[in-house]
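Yeah, the sequence shown ends on 291 if you go by the numbering used here, and it's all consecutive.
Note that beta-carbon positions come from the ideal geometry of N, C-alpha and C, so glycine has one too.
Contents: one structure, followed by commentary.
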Amino acid sequence: MLELKNVTLVAVSSSPRAKGNIRALKLSMKKVRCGDVLFVSDKKPRHMPKGIRFEQMEKFQSIDDFNHFMVYELYKYIKTEFALIVHDDGFVVHPECWKSSFLEYDYIGAPWPLPAPDDLISYRDVNGEICRVGNSVSIRSRRLMELPSKIGMKWEKFGGWYNEDGFICVNNKHIFEQNGMKIAPIEVAKYFSHETMIPEIEGITPFAFHKWKGTNAHYPNKLYCGVIRKLERLRKKK
């Protein structure tokens, strides 16, 4: 099994989505052995799986609260050099596709698509340059996660939204880079995870994924996990 001792496998969720996020942790744990496995939520699940550390936080009142937490609070719970962040709809699926180069960067996530030619806002940094890598299912260094709080980075909307991956990888990318942070280029990120079906990922099997669409549609989902549980119960009865 792939071992990543300097990485914390982590999921963050308010209680209504706890079940799906714990499922994502468990599925990822079957693929990779991390130095720590963490679930952060406002309420501890009744049946907390073995091998997962629980930390409590305040309940999110909106998606904006989640985004703020990921930018300013998550680092406080991470004890390792890196965090591998998974969601209920995105997790590790192909450990054999791991590349050591993923940890040469402070942030690596799924590649983003090119904006439409007449779109001069989406995925563009302060200099108007197009940013091709982001996504919340990602690996982030602890030093990157610490930076917004450390330097008092301003929390503000961009394009009317608070998106934590956009905050880091687009809107404030220049500040992170000025402080020595490295965001992976698309040439590396296309092997890490897939979300949007873009030409650059064609024929590539990713380490992780986010969202069940396109070539991601066959990865384990809630229906799949429900069938597996039923089969396991039937097997135990025999």
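What residues in its chain sit with their C-beta under 6 Å from that of THR249, if we drop five residues either side in the sequence? In the sequence shown, counting from the first residue as 1, residue 249 sits at position 196. PRO166.
Could you check the C-alpha separation between TYR272 and GLY181 for me, to the nearest Å? Working through the sequence shown from its first residue, we reach residue 272 at position 219. Working through the sequence shown from its first residue, we reach residue 181 at position 128. When only Cα atoms are considered, TYR272 and GLY181 end up about 35 Å apart.
Would you check if the region 199-218 and the region 144-151 touch, i.e. whether three or more CB-CB distances between them fall below 8 Å? The answer is no - the region 199-218 does not touch the region 144-151, with fewer than three Cβ pairs under 8 Å.
For LEU55, is the classification buried or exposed, using 16 other Cβ atoms within 10 angstroms of its Cβ as the cut-off for buried? Here residue 55 is taken as the residue at index 2 of the sequence shown, counted from 1. When all chains shown are included, LEU55 counts as exposed.
Can you tell which of ILE116, SER194, GLU126 has its C-alpha closest to the C-alpha of SER67? Position 14 of the sequence shown, counted from the first residue, corresponds to residue 67. Answer by Cα proximity: ILE116.
Using CA atoms only, rank isn't needed, just tell me which of SER194, LEU127, HIS227 is closest to VAL179. The sequence position of residue 179 within the sequence shown is 126, counting from 1. Out of SER194, LEU127, HIS227, the CA that lies nearest to the CA of VAL179 is found in HIS227.
Taking just the CA atoms, how far does GLY213 sit from LYS103? Here residue 103 corresponds to residue number 50 of the sequence shown, with the count starting at 1. Here residue 213 corresponds to residue number 160 of the sequence shown, with the count starting at 1. Going from the Cα of LYS103 to the Cα of GLY213 covers about 41 Å.
Which whole-angstrom value describes the C-beta separation of VAL65 and PHE122, a residue pair presumed to lie in contact below a C-beta threshold of 8 Å? What you label residue 65 is simply residue 12 of the sequence shown in a count that begins at 1. What you label residue 122 is simply residue 69 of the sequence shown in a count that begins at 1. The Cβ separation is near 7 Å, so the contact holds.
Consult DSSP for CYS87 and reduce its assignment to one of helix, strand or coil. Here residue 87 refers to the residue found at position 34 when the sequence shown is read from its first residue. It is a strand residue.
Can you say whether LEU197 is buried or exposed, counting buried as having 16 or more other CB atoms within 10 angstroms of its CB? As a first step, residue 197 must be located in the sequence shown, where it is residue number 144. When all chains shown are included, LEU197 counts as buried.
Compare the C-alpha of PRO98 against each of TRP151, ASP89, GLY73, ASN224 and name the closest. Residue mapping note: residue 98 aligns to position 45 of the sequence shown, counting from 1. Considering only alpha carbons, the answer is GLY73.
What are the complete beta strand (DSSP E) segments, minimum 3 residues, inside the region 204-247? Listed in chain order, there is nothing to give.
Using a Cβ distance threshold of 8 Å, determine whether the region 248-264 contacts the region 215-227, with at least three qualifying pairs required. The answer is no - the region 215-227 does not touch the region 248-264, with fewer than three Cβ pairs under 8 Å.
By how many angstroms is the C-alpha of GLN231 removed from the C-alpha of ILE281? Here residue 281 is taken as the residue at index 228 of the sequence shown, counted from 1. Here residue 231 is taken as the residue at index 178 of the sequence shown, counted from 1. Low local confidence applies: a pLDDT of 46 at ILE281 is under 50, so the model's placement there is unreliable, with the coordinate-based value given in what follows. Their backbone Cα atoms lie some 48 Å apart in a straight line.
To the nearest angstrom, report how far apart VAL60 and ALA169 are at their CA atoms. The count along the sequence shown starts at 1 and reaches residue 60 at position 7. The count along the sequence shown starts at 1 and reaches residue 169 at position 116. Looking at the two C-alpha atoms, the distance is approximately 36 Å.
Top-ranked residue by Cα proximity to GLU134, from LEU62, PHE260, GLY187, ILE239: Counting from one through the sequence shown, the residue named residue 134 turns up at place 81. If you compare the alpha carbons of LEU62, PHE260, GLY187, ILE239 with that of GLU134, the shortest gap goes to LEU62.
Cβ distance (whole Å) where LEU78 is taken to contact VAL93 below 8 Å: Stepping through the sequence shown from its first residue, residue 78 is reached at position 25. Stepping through the sequence shown from its first residue, residue 93 is reached at position 40. Contact between LEU78 and VAL93 fails: their C-beta atoms lie close to 11 Å from each other, not under 8 Å.
Using 8 Å for Cβ pairs, my map puts ILE192 next to LEU137. What's the rounded Cβ distance? Locating residue 192 in the sequence shown gives position 139, where the first residue counts as 1. Locating residue 137 in the sequence shown gives position 84, where the first residue counts as 1. 5 Å between Cβ atoms; contact.
Taking Cβ to Cβ, would you say TYR130 is nearer than 7 Å to PRO201? On the sequence shown, residue 130 is found 77 positions in, with the first residue counted as 1. On the sequence shown, residue 201 is found 148 positions in, with the first residue counted as 1. No; because the gap between Cβ atoms is not below 7 Å, this pair is not in contact.
Proximal residues to LYS293 (C-beta, below 7 Å), its chain only, five neighbours per side dropped: Past the edges of the chain, shown from 54 to 291, lies residue 293, and the structure says nothing about it.
Grouping DSSP H, G and I as helix and E and B as strand, with all else coil, what is ILE281? For this step, residue 281 is matched to residue 228 along the sequence shown. Bear in mind that the predicted position of ILE281 carries a pLDDT of just 46, short of 50, making it unreliable; the figure below should be weighed with that in mind. Correct three-state label for ILE281: helix.
Alpha-carbon to alpha-carbon, ILE257 and GLU199: The count along the sequence shown starts at 1 and reaches residue 199 at position 146. The count along the sequence shown starts at 1 and reaches residue 257 at position 204. In this structure, the straight-line span from the alpha carbon of GLU199 to that of ILE257 is close to 32 Å.
Close Cβ partners of GLN109 (< 8 Å) along its chain, the five nearest in sequence each way excluded: Sequence index remark: in the sequence shown, residue 109 carries index 56 (1-based). So the qualifying residues of the chain are VAL93, SER94, ASP95, LYS96, LYS97.
Identify the residues that DSSP records as bridge partners of VAL57: which are they? Taking the first residue of the sequence shown as 1, we reach residue 57 at position 4. The sequence as given places Leu at residue 57; Val does not occur at that position. For LEU57, which the question treats as bridged, DSSP gives the partners CYS87.
Determine the direct distance from the alpha carbon of LEU156 to that of MET82, and round the result to whole angstroms. Position 29 of the sequence shown holds residue 82. Position 103 of the sequence shown holds residue 156. About 19 Å.
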